[in-house]
Each structure stands twice: as C-alpha cells, then as structure tokens.
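Visitor:
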Amino acid sequence: MGRGRVQLKRIENKINRQVTFSKRRSGLLKKAHEISVLCDAEVAVIIFSAKGKLYEYSTDSRLVDSMKNILERYEQYCYAEKALVSSELECQGNWHQECVKLKAKFEVLSKSQRHLMGEQLDSLTLKELQQLENQLDNSLKHIRSRKNQVMSDSIAELVRKEKALQEQNKHLEKQIMEKQKAVALTQQLHWEQAQTRTSSPPPAFFMTDHTNHGLNIGYEQFQALLFQGKLIRRPHLTMQMLSRKDSHGRSCGGSGSDQQQHATTMDADPFEWVEHATLQADDDEDDPSSSVKVVVL
Numbered sequence: 008m009g010r011g012r013v014q015l016k017r018i019e020n021k022i023n024r025q026v027t028f029s030k031r032r033s034g035l036l037k038k039a040h041e042i043s044v045l046c047d048a049e050v051a052v053i054i055f056s057a058k059g060k061l062y063e064y065s066t067d068s069r070l071v072d073s074m075k076n077i078l079e080r081y082e083q084y085c086y087a088e089k090a091l092v093s094s095e096l097e098c099q100g101n102w103h104q105e106c107v108k109l110k111a112k113f114e115v116l117s118k119s120q121r122h123l124m125g126e127q128l129d130s131l132t133l134k135e136l137q138q139l140e141n142q143l144d145n146s147l148k149h150i151r152s153r154k155n156q157v158m159s160d161s162i163a164e165l166v167r168k169e170k171a172l173q174e175q176n177k178h179l180e181k182q183i184m185e186k187q188k189a190v191a192l193t194q195q196l197h198w199e200q201a202q203t204r205t206s207s208p209p210p211a212f213f214m215t216d217h218t219n220h221g222l223n224i225g226y227e228q229f230q231a232l233l234f235q236g237k238l239i240r241r242p243h244l245t246m247q248m249l250s251r252k253d254s255h256g257r258s259c260g261g262s263g264s265d266q267q268q269h270a271t272t273m274d275a276d277p278f279e280w281v282e283h284a285t286l287q288a289d290d291d292e293d294d295p296s297s298s299v300k301v302v303v304l
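Read in order, the letters of the sequence shown correspond to residues 8 to 304 in my numbering.
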C-alpha cells in the first residue's frame, strides 16, 4: 500500500514541524549542490528558520565571497531591469511633454509669421499692433544695414580685382614691348647682314689665266661697274667673251686665224647683267677695238 500524499499546510505540532524542517532543509541543500555540480550552474540558497537561524549554500562554498558575488549579480540584474523599465516610462513621459511644448511653440511661431505677413490682424489690440510695427521697423533697419554692408564688400572686391587686372595688363604690356624690341633688333640684324651680303664683291666670273691675257681684259672695269649698281640680276645667265683684237686683226688670246670665242655659263649665282656692255682695258684705252662684250642669250 503506497504512501499517501502529504497535505501542504502548516504543521501545528512544534516538534514535528522542527523535525520536518531539518529533513527538508538537508534535502534542499543536497539538491542545490547536485544541480550546481551536474549543470555547472551558480547556485545560492539562503534559509532562515522560525527562530531566525541562517542556513545558506553557494556554488563554491570554499570561497568567502562566493555568496556575495552571486548576490551582487542578482542585485545588478534586478535593479538594471527595474531601472530600464523606469527609464523607459520616464522617457515616454518626457517625450510627451516635449512634443506638447513643440506644438505650442509651433503655433506661436505660425501666428507670428502670419502677423508679419499682414494676415489675421483683426484679433490684435492697439498695443499689439504698435509692437508689431516696431518689430517690422527694426527688421527693416537690420535688412538695410546688411544690404549696405554686402554692397560695400562687393565694391571693395571689384576694386581689388580691377587693381589686379591693371597690374596684369601693365606686366603684359611690358612683355609685349620687350618682344617688339627683340623682333626689331632681329630684323635690323637680318637687314644689316643682307646689306653686307649685297655689298660684298661678286665672284670672279672671268678666269684669271696668266698665260692667256685675252681672257682677262676688262676684268677690273667689269667689277667696277658691278659695284656702281649698273648691273642687275637674272638667273641662268650665259656670257660670251670675245677676245681682244690688235691693230692687225689678229686675236691676242688665240692662236688660230679666226676669232676664237670663249664662253662661260653661270647657273649657280643668280647675277643678271645688262644686255650689252663695252669695257675699255686699262693698258689700251686709246684702242677702241680693245673691248669685252657681254651678250645675254
């Protein structure tokens, strides 16, 4: 026959109550130790008897502060949760109050803006209208003062830019003058070099052969005419030089009976001569037959 179920109520007999307390206390502490070891849990058990005697158990009872550490964690957890709940409630109340204040402020600002725009003035008294007028006058003064300041700053900035542009313009003009002087100097040097080349003596078109004096007659006079500007230029000139005749009709420069013609063709130097020139020899000025004819072909 099984044991009957014990009714949970206060034991009236003092002795039986004390015996039951001792047995159940030992069993409770044993179960706390088992769950701490088996499940690696931190357990703390605190029991006070009817007479006020303390019985306790903690996970690591060898440590002095084991029970204290567990209780501190318990307090932090409980108080933190309570503080969080209370802070949330307090924040909600603060947000509600802040929202009400912002709504009221928005209404006041909207009403003031409408008054400044000249709207809904019927509800204003004479004193409020005067205050509104003074406020508008002050605002207009501030606006004009700010406008004048902005205009002054703009004018000063434009003056500064004008000075900078003038300085830049002067610098550019100076550079242009220097470049113009350099170009003029270069052109002058080129012109002087060209003048020097044009005034230099021409190349010897007559072959100076000491053995044949008939080919050298009039060479000096030919150069003199060239320097005096009596000769002009034309490319690809062909000259024929006639040898000098003496009074007996014989050629001084040749050995044959007929007049021997000596021709020299100038293709490289672009000198252009007059179509006909008669040069008298220095050694025989009285003999009109002593001449060199230059014929352009």
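Every residue, glycine too, gets a C-beta built ideally from N, C-alpha and C. Owing to the predicted nature of the structure, the values given are computational and were not obtained by experimental measurement.
List the endpoints of the continuous beta strand (DSSP E) containing Ile53.
Guide: That run of the beta strand (DSSP E) goes Ala51 to Phe55.
Visitor: Is the distance from the Cβ of Ile54 to the Cβ of Glu41 below 9 Å?
Guide: Contact: no.
Visitor: Just confirm the distance between the C-beta atoms of Leu35 and Val52, as a whole number of angstroms; I'd bet it's less than 8 Å.
Guide: Right, the Cβ-Cβ distance comes to about 7 Å (below 8 Å), so this counts as a contact.
Visitor: CB-CB under 6 Å to Arg24, same chain, minus the five flanking residues each way: which ones, in chain order?
Guide: So the qualifying residues of the chain are Ile18.
Visitor: Quick check on Ser65: does DSSP put it in helix, strand or coil?
Guide: Of the three classes helix, strand and coil, the one that applies to Ser65 here is strand, per DSSP.
Visitor: Please confirm whether Leu139 and Leu131 have their CB atoms less than 9 Å apart.
Guide: Their beta carbons are under 9 Å apart, which means Leu139 touches Leu131 by this criterion.
Visitor: Name the two residues that bound the continuous alpha helix (DSSP H) containing Leu45.
Guide: Here the alpha helix (DSSP H) through Leu45 covers Lys21 to Cys46.
Visitor: Checking 9 Å against the spacing of the C-beta atoms, do Ser65 and Phe28 come in under that value?
Guide: Cβ atoms of Ser65 and Phe28: not closer than 9 Å.
Visitor: Can you look up Thr193 in the DSSP assignment and give me helix, strand or coil?
Guide: Helix.
Visitor: Using 9 Å as the threshold, is the C-beta distance between Gln127 and Lys118 below it?
Guide: Yes; because the gap between Cβ atoms is below 9 Å, this pair is in contact.
Visitor: Helix, strand or coil for Leu131? Go by DSSP, reduced to three states.
Guide: Reduced to three states, the DSSP call for Leu131 is coil.
Visitor: Report the rounded CA-to-CA distance for Asp72 versus Lys110, giving the unit in angstroms.
Guide: The alpha-carbon atoms of Asp72 and Lys110 are separated by roughly 55 Å.
Visitor: Give the DSSP-derived three-state secondary structure of Arg12 in the structure shown.
Guide: Correct three-state label for Arg12: coil.
Visitor: Can you give me the C-alpha to C-alpha distance between Gln194 and Met184, rounded to a whole angstrom?
Guide: Gln194 and Met184: Cα-Cα distance of roughly 15 Å.
Visitor: Helix, strand or coil for Ile150 per DSSP?
Guide: In the structure shown, Ile150 sits in a helix (DSSP, three-state: H, G or I).
Visitor: Quick check: the Cα distance between Arg80 and Asp67, rounded to an integer number of angstroms?
Guide: Going by the C-alpha atoms only, they are around 15 Å apart.
Visitor: Can you tell me whether Ile18 is helix, strand or coil according to DSSP?
Guide: Note: Ile18 maps to coil in three-state DSSP.
Visitor: Going by alpha carbons, who is nearest to Ala48 out of Lys170, Arg167, Arg121 and Ile77?
Guide: Residue Ile77 is the option with its Cα nearest to Ala48.
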